[in-house]
Every structure is written in C-alpha cells, then in structure tokens.
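Protein sequences appear in the order of chains A and B. Quick note on the numbering used here: the first sequence kicks off at -15 and runs consecutively. Quick note on the numbering used here: the second sequence kicks off at -15 and runs consecutively. Built from N, CA and C at the ideal position, the CB exists for glycine as well. All of these numbers come straight from a predicted model, not from anything done at the bench.
Number of protein chains: 2
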Amino acid sequence: MTNPVTITAPAGVPFIEIVREFDAPLEAVYNAYADPELVRQWVGPNGYETAIDAYDLTSGGRWRYVQTNPEGDSFAFNGVFHRVRPNELIIQTFEWEGLPDQVSIETLRFDDLGDGRTRLTGWSVFPSVEGRDGMVENGMEVGVTEGYERLDALLA
Amino acid sequence: MTNPVTITAPAGVPFIEIVREFDAPLEAVYNAYADPELVRQWVGPNGYETAIDAYDLTSGGRWRYVQTNPEGDSFAFNGVFHRVRPNELIIQTFEWEGLPDQVSIETLRFDDLGDGRTRLTGWSVFPSVEGRDGMVENGMEVGVTEGYERLDALLA
C-alpha cells in the first residue's frame, strides 16, 4: 500500500501542484534528493535507466540527466538550482532537451509531519499553458507516481 | 524621441511580455546586457544607484545586484542564468529578495531587424497570477521604460 499522489493542474493557467506524503523522516526524504546515486535509482517511470551527468545540489549548481527506455529511446533533462535550503526547499529550473528553451521552474518544499512522516509539495510553473498541458498529457503522472513508489521502496 | 515599450500582461495568467526596439546593432545591444559595468549604468528606474555583486553571463552563472533610491531604500535582486547564447537568447531566474522564494523565469530574445536595428522580446513567467499583478502594479513599467531610455543613451 502506497500513499497517493495528488496532482492539480487547473485549466487555463500554467501551474502544476504535486503533493505526496512519505512514511519516512524528513532527512531521509531530503537525502534521496541530495544524493545523485539515490536520485538515479528512483527518478522517472519504471523501466527507464537514468544516467546522471551533473548534479550539484547547491544554490547556483547545475543538474543534467538522461533517461533511456527499454526501446532505447533517450530523453535528456537539465536545469539550474536557483535556491537550495537542505531539508526545507529546492527551487530549480527544468528543461526537456527535446523541447529546447521551454524552461519551467519548480519549487519543492519538504514538510516534517511528525511521527517519522514527510510531505513533499511541488509547484511547477511552465512558460505557456500549452506547455503545461503537453506535460500532463504526455505521461507525467505515470512518471511521478512510479518514481515516488520507487522512492518509497528506497526509503523502506 | 524614443521607441515605445510594449508591455502585455493578459488577465488571469502569470505572464508578462515586453517588446522594445533599439536603433542600434544586435551586438551592441547584447553587449549592454553582457558587460556588468554597462548593466549597472542602464538597469532600473531613473535616480537609482545600482551596485553589482555578481554577474556571470554564462549558462549556469549567477547574478545579483542591489538598487538604492534617492531616499536610501535598497532593493536586492538575484538569479541564475539557465541558458545563454550570445547575441540570441538569455534565460534566467529572477528573485526580488523582499519577497523571497517567489522566483520568476525570464526569456529574453535578441532579434536583428537589419539596418542596424534590434528588437528585444522578454517573456516573464511568475509563480502566481497575484505575483505577476503585484509586479505590474508596483512600478515595473516605469523601471523598464526609464531603464531602456538610459540604454538608448548608452548605445547612442
């Protein structure tokens, strides 16, 4: 049994909110974002291999990774960390290199719920409503849901 | 006589488009964004002094400056350059430190119009519609218009 992912994408505005709770302490959840080897293991849909090129989780650091599906198709993503406060907040840019220069910005907040539980709240803002809609229609929910289930397994 | 600034901020979405033409060649306009000493001279409303802390105009570089008005009030801004292609494109984050963690993302395109003329098109995306509206209501137009007039003077 896993916790649900709540994805909110209101019509007509370029926002996506993603809320997910974890049955694991704040520091452990944050560490799964901070350690690139752990990120590699949980991020993205099931069955994809992730190779991390860069992952400097500091304010001003860059990140880039490439995901390859079982058919051999590769998808590269990159961005910059605008603000990092450990165990609290990550603000980063996000670009899928298949749609270059369409850069979104994500704010991820880590909340300690007590009793060894943690809530993640992500707020993504896209440069157009169409870009947001395209992200939702192209399997984002599957990638998020499956990635967070693998993160559950890593944390267990 | 100066060229007009066209600011478009449609209701209900968190976007601002700013279009401005300059009677100066592409390379000169880009250089006024690339050289921090020139940026210091033209950016912001008239009567403000700008001090530049950091300005590394490369993909992944950081920037920060502090503007002080004649009354002595200071306003600090910072961000990260997500993508820089000289004479073509700058994508950067933008944060006013008076409203921390409310980070917008700006895409600035430089277009050569021929005959030594250049068009700048800026696309700003805010993390909320209220944040966008606040920016428009708090004198953004004056700052942009006066800044670009001082840029005209620098380019002349």
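Cross-chain neighbours of residue i in chain B, by beta carbon under 9 Å
i               : result
LEU73 (chain A) : ASP85
Under 8 Å by beta carbon: chain B residues contacting residue i
i                 : result
GLY63 (chain A)   : HIS66
VAL(-3) (chain A) : GLY(-4), VAL(-3), PRO(-2), VAL113
Exposed unless 16 or more other CB atoms sit within 10 angstroms - verdict on residue i
i                 : result
PRO(-6) (chain B) : exposed
ALA16 (chain B)   : buried
SER58 (chain A)   : exposed
ARG69 (chain B)   : exposed
THR102 (chain A)  : buried
GLU146 (chain A)  : Nothing in the structure corresponds to residue 146 (chain A), since chain A is present only between -15 and 140.
PRO84 (chain B)   : exposed
GLY44 (chain B)   : buried
PRO54 (chain B)   : exposed
VAL150 (chain B)  : Outside the displayed range of chain B (-15 to 140) lies residue 150 (chain B), so it cannot be described from this structure.
GLY159 (chain A)  : Nothing can be reported for residue 159 (chain A): it is not among the residues displayed for chain A, which extend from -15 to 140.
GLY28 (chain B)   : buried
LEU97 (chain A)   : exposed
PRO111 (chain A)  : buried
Under 7 Å by beta carbon: chain A residues contacting residue i
i                : result
TRP107 (chain B) : PRO111
THR77 (chain B)  : HIS66, THR77, ILE89
Integer-rounded CB distance, given that residue j should sit under 8 Å from residue i
i                  : j                 : result
VAL120 (chain A)   : VAL(-3) (chain A) : VAL120 (chain A) to VAL(-3) (chain A), Cβ: 12 Å. No contact.
VAL13 (chain B)    : LEU92 (chain B)   : About 10 Å; that fails the 8 Å criterion.
ARG24 (chain A)    : ILE36 (chain A)   : 5 Å
THR(-8) (chain B)  : GLU5 (chain B)    : With 8 Å as the limit, THR(-8) (chain B) and GLU5 (chain B) do not qualify as a contact, their Cβ atoms being about 15 Å apart.
THR(-14) (chain B) : HIS66 (chain A)   : Contact doesn't hold; Cβ gap of about 33 Å is too wide.
ALA18 (chain A)    : LEU139 (chain A)  : Actually they are not in contact, since the Cβ atoms of ALA18 (chain A) and LEU139 (chain A) sit about 13 Å apart, beyond 8 Å.
GLU33 (chain A)    : THR52 (chain A)   : 5 Å
Beta-carbon neighbours of residue i, restricted to chain A and to distances below 9 Å
i               : result
ILE36 (chain B) : Neighbours of ILE36 (chain B) on chain A: none; closest Cβ ~16 Å, over 9 Å.
ARG4 (chain B)  : The contacting residues do not exist; ARG4 (chain B) stays about 20 Å from chain A at best.
Cross-strand partners of residue i (DSSP beta bridge)
i                 : result
ASN53 (chain B)   : DSSP, once it has assigned bridges, lists no residue as partnering ASN53 (chain B).
ARG69 (chain B)   : B:LEU73
PHE59 (chain A)   : A:GLN51
SER112 (chain A)  : According to DSSP, which records beta bridges pairwise, SER112 (chain A) is partnered with nothing at all.
ARG134 (chain B)  : Note: ARG134 (chain B) sits in no beta bridge, so no partner.
VAL126 (chain B)  : According to DSSP, VAL126 (chain B) bridges with nothing at all.
GLY106 (chain A)  : A:ILE2, A:LEU92
THR(-8) (chain A) : A:GLU1
GLY118 (chain A)  : Paired residues: none, contrary to the question.
GLY98 (chain B)   : B:ARG101
GLU79 (chain B)   : B:ASN62
Residues that residue i contacts on chain B, provided the C-beta gap is smaller than 7 Å
i               : result
GLY82 (chain A) : Here the premise fails: no neighbours, minimum Cβ distance about 15 Å.
GLY44 (chain A) : ARG46, VAL64
Quiz prompt | Any beta strand (DSSP E) of 3 or more consecutive residues that is wholly inside the segment 12 to 44 of chain B | solution = 33 to 39
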